Amino acid sequence: MISPFTAMQDALDLVPTSPHPSNKIAASVFGRALHGKDFWVTHTNHWPDKIATAIGVDTKIGNSSGTIHAETACLLDMTLPTEGASLCVTDPFCPNCAKNIAEAGIKNIYIDEQGFEKDFFKRRSGHFDTMSMQIAERAGINVYALNMITKKQIPILEIDPDYKPIEDSPIDYIEIKKADEESFTTIIFNAEEKHKRRKFAIALVDALDGRKYALIARAHAVIGYSLSKPDEAIELLTPIDKYSFIQEPVNRLMMHLARKGHRLISDFLYCSQVPTSREQVNLVGARVKRITIGNIQKCRDPHGLKAMKQLQGSKIIDYG
Numbered sequence: 005m006i007s008p009f010t011a012m013q014d015a016l017d018l019v020p021t022s023p024h025p026s027n028k029i030a031a032s033v034f035g036r037a038l039h040g041k042d043f044w045v046t047h048t049n050h051w052p053d054k055i056a057t058a059i060g061v062d063t064k065i066g067n068s069s070g071t072i073h074a075e076t077a078c079l080l081d082m083t084l085p086t087e088g089a090s091l092c093v094t095d096p097f098c099p100n101c102a103k104n105i106a107e108a109g110i111k112n113i114y115i116d117e118q119g120f121e122k123d124f125f126k127r128r129s130g131h132f133d134t135m136s137m138q139i140a141e142r143a144g145i146n147v148y149a150l151n152m153i154t155k156k157q158i159p160i161l162e163i164d165p166d167y168k169p170i171e172d173s174p175i176d177y178i179e180i181k182k183a184d185e186e187s188f189t190t191i192i193f194n195a196e197e198k199h200k201r202r203k204f205a206i207a208l209v210d211a212l213d214g215r216k217y218a219l220i221a222r223a224h225a226v227i228g229y230s231l232s233k234p235d236e237a238i239e240l241l242t243p244i245d246k247y248s249f250i251q252e253p254v255n256r257l258m259m260h261l262a263r264k265g266h267r268l269i270s271d272f273l274y275c276s277q278v279p280t281s282r283e284q285v286n287l288v289g290a291r292v293k294r295i296t297i298g299n300i301q302k303c304r305d306p307h308g309l310k311a312m313k314q315l316q317g318s319k320i321i322d323y324g
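Here the working numbering = 1-based position in the sequence shown + 4.
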């Protein structure tokens, strides 16, 4: 079994290679698959090559940085299920990564203790305390600091082993015989009828059990939160600065693929409206080349429309 200290050291060794000029971060996702094989993936925060080359590192994609966060980069690069796995990161994680980590089924997060001393964290510690840690707690994720000198593991948050996070809008599974344009169009039509006025996304996937499925995800509060209580729903739907407790549908799908070890079947990804800027950047990081859009004029905000124009104009993503 891989030690968190070993995985953290790998992240620390890699972090100087991050292309970011000031905030260099690295993360490792590690665990053991059901058949007993250990897995381990490490990445820094970085600009995907296509964005760096065609658009540049100094240009925002919509209102989002063009970088893939280190934690998310690891999750987008997984081929074995991350459910129950662990994650090491050199710096405290942001709320957006917290949502992705939760949706990917990570059970333990280890943070380099030195990360809490950096100026970058001190300027943004409020979001870590009020959002990132809240998301981890609701999702049932243990959080630890690692002292790499003394090799001590310091608990920050430990969850009752019997705790099970609520999930009142789970991913829908529809088994399919084949993935082709005809079946994809039928699935989209039926989903549009069922989820009218809801933002949702569909992916056709090859699962580890050898079967093919259509997965359908709605925009919803991150796992562990419920929108069924009006007072809580209002709070969850209210952004805090640039962050939100709502997990957008494309991000939900991509993290669920990591969670279960599914593989996206090329060209069979759909969203009922234009994804957010951050979702689109993450799609580039996942090497997605095509997404079909239901309403090409509709988006959560105008920034997503701008991001689509940039990525389409640069021939990075085809929006069918």
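From the three backbone atoms N, C-alpha and C, an ideal C-beta is built for every residue, glycine too.
Here the structure is a predicted model, which is why all the values come from computation and not from measurement.
Reduced DSSP secondary structure (H/G/I, E/B, other) of residue i
| i | result |
| --- | --- |
| alanine 56 | helix |
| asparagine 104 | helix |
| valine 292 | coil |
| lysine 306 | The sequence given here has proline at residue 306, not lysine. In the structure shown, proline 306 sits in a helix (DSSP, three-state: H, G or I). |
| aspartate 172 | coil |
| aspartate 213 | coil |
| glycine 228 | coil |
| aspartate 17 | helix |
| serine 68 | strand |
| aspartate 322 | strand |
| asparagine 299 | strand |
Residue j beta carbon less than 8 Å from that of residue i
| i | j | result |
| --- | --- | --- |
| asparagine 299 | glutamine 316 | no |
| lysine 262 | glutamine 284 | A quick correction: the sequence has alanine, not lysine, at residue 262. Going by C-beta atoms, alanine 262 is not nearer than 8 Å to glutamine 284. |
| histidine 73 | tyrosine 247 | no |
| glutamate 107 | valine 288 | no |
| proline 143 | proline 169 | First, the amino acid is wrong: residue 143 is alanine here, not proline. Result yes, Cβ atoms of alanine 143 and proline 169 sit closer than 8 Å. |
| phenylalanine 34 | lysine 155 | no |
| leucine 257 | alanine 290 | no |
| serine 136 | proline 99 | yes |
| asparagine 49 | serine 32 | no |
| leucine 80 | isoleucine 110 | no |
| valine 93 | isoleucine 29 | yes |
| isoleucine 297 | lysine 54 | no |
| leucine 309 | glycine 265 | no |
| aspartate 116 | leucine 84 | no |
| phenylalanine 272 | phenylalanine 188 | yes |
With 16 other Cβ atoms within 10 Å as the buried cut-off, status of residue i
| i | result |
| --- | --- |
| tyrosine 114 | buried |
| glutamine 157 | exposed |
| glutamate 75 | buried |
| phenylalanine 193 | exposed |
| arginine 282 | buried |
| histidine 39 | exposed |
| isoleucine 238 | exposed |
| serine 173 | buried |
| proline 20 | exposed |
| glutamate 252 | buried |
| serine 129 | exposed |
| glycine 324 | exposed |
| methionine 152 | exposed |
| isoleucine 269 | buried |
Unbroken alpha helix (DSSP H) run spanning residue i, endpoints
| i | result |
| --- | --- |
| phenylalanine 193 | 185 to 198 |
| alanine 205 | Premise fails: alanine 205 lies in the beta strand (DSSP E), 204 to 210, not in any alpha helix (DSSP H). |
| histidine 260 | 253 to 264 |
| aspartate 235 | 234 to 241 |
| threonine 76 | 74 to 80 |
Residue span of the beta strand (DSSP E) that contains residue i, given as start and end
| i | result |
| --- | --- |
| threonine 46 | 42 to 48 |
| serine 32 | 30 to 36 |
| lysine 216 | 216 to 222 |
| isoleucine 269 | 267 to 278 |
| isoleucine 158 | 156 to 161 |
- Query: Of all the alpha helix (DSSP H) runs that stay within the bounds of the region 84 to 152, which reach a length of 4 or more residues?
  - Reply: 99 to 107, 123 to 131 and 137 to 143
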